[in-house]
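Student:
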Amino acid sequence: MNRRGFISSCIAGSLAISTRAFAETQLRPCSYQLSWIKNFQGAGEYIALAKGFFREQGLDVTLLAGGPTMPHEPVVMSGKALLAQTMPDNTVMANMHGATLKVIGAGYQKSPFCIASLLSGHPMRTPQDMIGRRIGVQSVNLVVWRTFLRLNHIDPASITVVPVQFDMAPLIAGDVDGFFGYLNDNVVHLEVAGHQTAVVPFARFGYTVMGATLVVRADSLQDPARRAMLVSFMRADIQGWQAAIADPALGADLTANTFGKGNGLDLKAEEQSCRASNDLMMDANTDSKGLFWMSDASIADTVRILRLGGLAASPDMFTNEILVEARQGATTR
Numbered sequence: 022m023n024r025r026g027f028i029s030s031c032i033a034g035s036l037a038i039s040t041r042a043f044a045e046t047q048l049r050p051c052s053y054q055l056s057w058i059k060n061f062q063g064a065g066e067y068i069a070l071a072k073g074f075f076r077e078q079g080l081d082v083t084l085l086a087g088g089p090t091m092p093h094e095p096v097v098m099s100g101k102a103l104l105a106q107t108m109p110d111n112t113v114m115a116n117m118h119g120a121t122l123k124v125i126g127a128g129y130q131k132s133p134f135c136i137a138s139l140l141s142g143h144p145m146r147t148p149q150d151m152i153g154r155r156i157g158v159q160s161v162n163l164v165v166w167r168t169f170l171r172l173n174h175i176d177p178a179s180i181t182v183v184p185v186q187f188d189m190a191p192l193i194a195g196d197v198d199g200f201f202g203y204l205n206d207n208v209v210h211l212e213v214a215g216h217q218t219a220v221v222p223f224a225r226f227g228y229t230v231m232g233a234t235l236v237v238r239a240d241s242l243q244d245p246a247r248r249a250m251l252v253s254f255m256r257a258d259i260q261g262w263q264a265a266i267a268d269p270a271l272g273a274d275l276t277a278n279t280f281g282k283g284n285g286l287d288l289k290a291e292e293q294s295c296r297a298s299n300d301l302m303m304d305a306n307t308d309s310k311g312l313f314w315m316s317d318a319s320i321a322d323t324v325r326i327l328r329l330g331g332l333a334a335s336p337d338m339f340t341n342e343i344l345v346e347a348r349q350g351a352t353t354r
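Residue numbering for the sequence shown follows our numbering, beginning at 22 and increasing consecutively.
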C-alpha cells in the first residue's frame, strides 16, 4: 500500500470509529424494572437487547432484576426506572399510598395465578375443591387470594391458609395441599421435576384481571423526552416479544445461558414456561389490536374485581396511548 492509500485507510478507519462513537453517544439510557429475577418473564426484553431492537430505537436499555421482596412501583416513582412490569393490584395499592402511576400495557391478557396441587396428594380443579384444605399463600398475594374467594362465594374460614414463601417445598413435602402460584412458572417447574399436577386457574373462575402490566409515572406521559423514550421502548419491546412468541427456544436460551446465567435456571423448564406464557399473552384481543393492548372490557373487568377486593381502582389508571403511537405504521401482532 502506498503512502496515500495508507493515509486514506487511516482516515476511513478514524471516520468509522468516530461515527460509531457518535452513534453510541446518541443512545438514550433507559432502565426497565423486571418483575422477578432474570428468568423467562423477561424473554422478550432479552431478545430485543440481543437482536439490537432497542438500539435501533436509539435506546441503551438496562434491565433491573426484581425479586420476592422488592416492590417495583417505588423504583419507577423514584426515577430509577422509566417503567416496570408489575401487577394491577400492586399499582393500585401504590397509588392509594400517594404514587401517581399509569398502566400503559398488559403482557398477560389473563391472570397467570392458580392454586397448584399434586395428583399424588389432594388434587384440586375447582375453587370448591379447596374447602377444608390447607393452601399455602404468600403474604403479598393475600389481597388477590381473598378477592378470589369472594368471587367464588367461599367462606375464608372454610380453608386453612398456611403462610409460605415462593419455594414449593411445602407442597412437595405435603405440608400444604395447594400452593398459590403461576401457571407458567410454578406448575411448569413441578411438572419438569416429575410431579403430576392439578390446578385451579384463577382466570377460569372469575378472576379476569390482566397481568404483567407495564407501569410508568403519570408525568412521564406529559414530558416530551420521557414520552418519546416510552414510545421507542414499546416499539422495540413488541418486536422482542413477537420473536419470543414465535421462537420460545430462543427466549429460553437467552434466559438460561446469558441474561439469567447464574440464577440456577433449567433450560427445559424455561422453554416450557415461555410456551406456557404464549397462552397468557395472546387471545382474540391481541389478534386484532396487537400485543400488550388493553381492551375496554379487560380494563372494566380488572377495575371491577380490584374494587371487589377493596382497592380503589379506576379506568383512567389505564391508557393505550403509548401503544397507539408505538404501532403507527406497524403490524398489529
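By construction, the Cβ of each residue, glycine as well, lies at the ideal position given by its N, Cα and C atoms. If you're wondering where the values come from, they're calculated on a predicted model, not measured in any experiment.
DSSP puts I156 in a beta bridge; with which residues?
Tutor: In DSSP, I156 forms a bridge with V182, G199.
Student: G126: buried (16+ other C-beta within 10 angstroms of its C-beta) or exposed?
Tutor: The residue in question, G126, is buried, as its Cβ has 16 or more Cβ neighbours within 10 Å.
Student: What is the C-beta distance between L80 and L55, in whole angstroms, given that I count them as a contact (C-beta under 8 Å)?
Tutor: Their Cβ separation, rounded to whole angstroms, is 16 Å, which puts L80 and L55 out of contact at 8 Å.
Student: With distance defined between alpha-carbon atoms, name the residue in L104, L139, G199, A115 nearest to I156.
Tutor: Of L104, L139, G199, A115, the residue nearest in Cα terms is G199.
Student: Under a three-way DSSP split, which group does F134 fall into?
Tutor: F134: strand per DSSP, three-state reduction.
Student: Tell me which same chain residues have a C-beta within less than 7 Å of the C-beta of F169, skipping the five on either side of it?
Tutor: Excluding residues within five positions, the ones whose Cβ falls inside 7 Å are F223, Y228.
Student: Measuring straight from C-alpha to C-alpha, what distance separates L251 and I343?
Tutor: Roughly 7 Å between the two C-alpha positions.
Student: R355 to Q47, Cα distance in whole Å?
Tutor: Beyond the ends of the chain as shown, which are 22 and 354, falls residue 355; an answer cannot be given.
Student: Here's a check: name, in chain order, each residue in its chain whose Cβ is nearer than 7 Å to the Cβ of S52, leaving out the five neighbours to either side.
Tutor: Result list for S52: T83, L85, K101, A102, L103, in chain order.
Student: Is the beta carbon of V208 closer than 7 Å to that of A137?
Tutor: It is a contact, given that the beta carbons lie within the stated cut-off.
Student: Quick check: what's the CA-CA separation for E94 versus P191?
Tutor: Taking the straight line joining both Cα atoms gives about 30 Å.
Student: For M302 and Q106, which I take to be in contact (beta-carbon distance under 8 Å), what is that distance rounded to the nearest angstrom?
Tutor: Not quite, the Cβ-Cβ distance comes to about 12 Å (not below 8 Å), so this is no contact.
Student: Under 7 Å Cβ to Cβ from I68, same chain only, skipping five residues before and after it: list those, please.
Tutor: G261, A264, A265, L271, G272, L275.
Student: According to DSSP, which residues form a beta bridge with C51?
Tutor: DSSP lists V82 as partners of C51.
Student: Tell me which residue opens and which closes the beta strand (DSSP E) that Y129 is part of.
Tutor: Start and end: 122-129.
Student: In three-state DSSP terms, what is G261?
Tutor: Here G261 sits in helix by DSSP.
Student: Give every residue of the same chain whose Cβ lies closer than 6 Å to the Cβ of L312, excluding the five residues on either side of it in the sequence, and list them in chain order.
Tutor: I259, W262, listed in sequence order.
Student: Based on the DSSP output, what are the partners of V230 in its beta bridges?
Tutor: Answer is none; V230 lacks a bridge partner.
Student: Give every residue of the same chain whose Cβ lies closer than 8 Å to the Cβ of R25, excluding the five residues on either side of it in the sequence, and list them in chain order.
Tutor: Per-residue confidence for R25 stands at a pLDDT of 35, beneath the threshold of 50, marking its modelled position as unreliable; no derived number is given.
Student: How long is the line joining the alpha carbons of H216 and T147, rounded to whole angstroms?
Tutor: Rounded to whole angstroms, H216 to T147 spans 19 Å at the Cα level.
Student: Using three-state DSSP, classify R24 as helix, strand or coil.
Tutor: Note that R24 has pLDDT 34, beneath the 50 cutoff, so the model's placement of it is unreliable and no number is given.
Student: Excluding the 5 residues flanking A42 on each side, which residues of the same chain have their C-beta closer than 7 Å to its C-beta?
Tutor: Caution is warranted here: a pLDDT of 41 is assigned to A42, below 50, making its placement in the model unreliable, and the coordinate value is therefore given only provisionally. Answer for A42: no residue qualifies.
Student: Please determine if the stretch 115-123 and the stretch 243-250 are in contact, where contact requires at least 3 C-beta pairs separated by less than 8 Å.
Tutor: These segments do not touch.
Student: When DSSP labels each residue in this structure, what does A44 get in the three-state scheme?
Tutor: Annotation note: pLDDT 47 at A44 (below 50); position unreliable, coordinate value reported separately. Looking at A44 - three-state DSSP - the assignment turns out to be helix.
Student: Using the C-alpha atoms, what's the distance from V97 back to S335?
Tutor: Rounded to whole angstroms, S335 to V97 spans 20 Å at the Cα level.
Student: How is T90 classed by DSSP in three states: helix, strand or coil?
Tutor: DSSP places T90 in coil when its eight states are reduced to three.
Student: Just the C-alpha distance for M255 and L235, rounded to the nearest angstrom, thanks.
Tutor: So the two alpha carbons sit approximately 10 Å from each other.
Student: Whole angstroms is fine: what's the gap from M151's alpha carbon to R225's?
Tutor: Between M151 and R225, the C-alpha separation is close to 15 Å.
Student: Which of helix, strand or coil does DSSP assign to P376?
Tutor: Any property of residue 376 remains undetermined from this structure, which presents the chain solely from 22 to 354.
Student: Bridge partners for V213 per DSSP, in chain order?
Tutor: DSSP, once it has assigned bridges, lists no residue as partnering V213.
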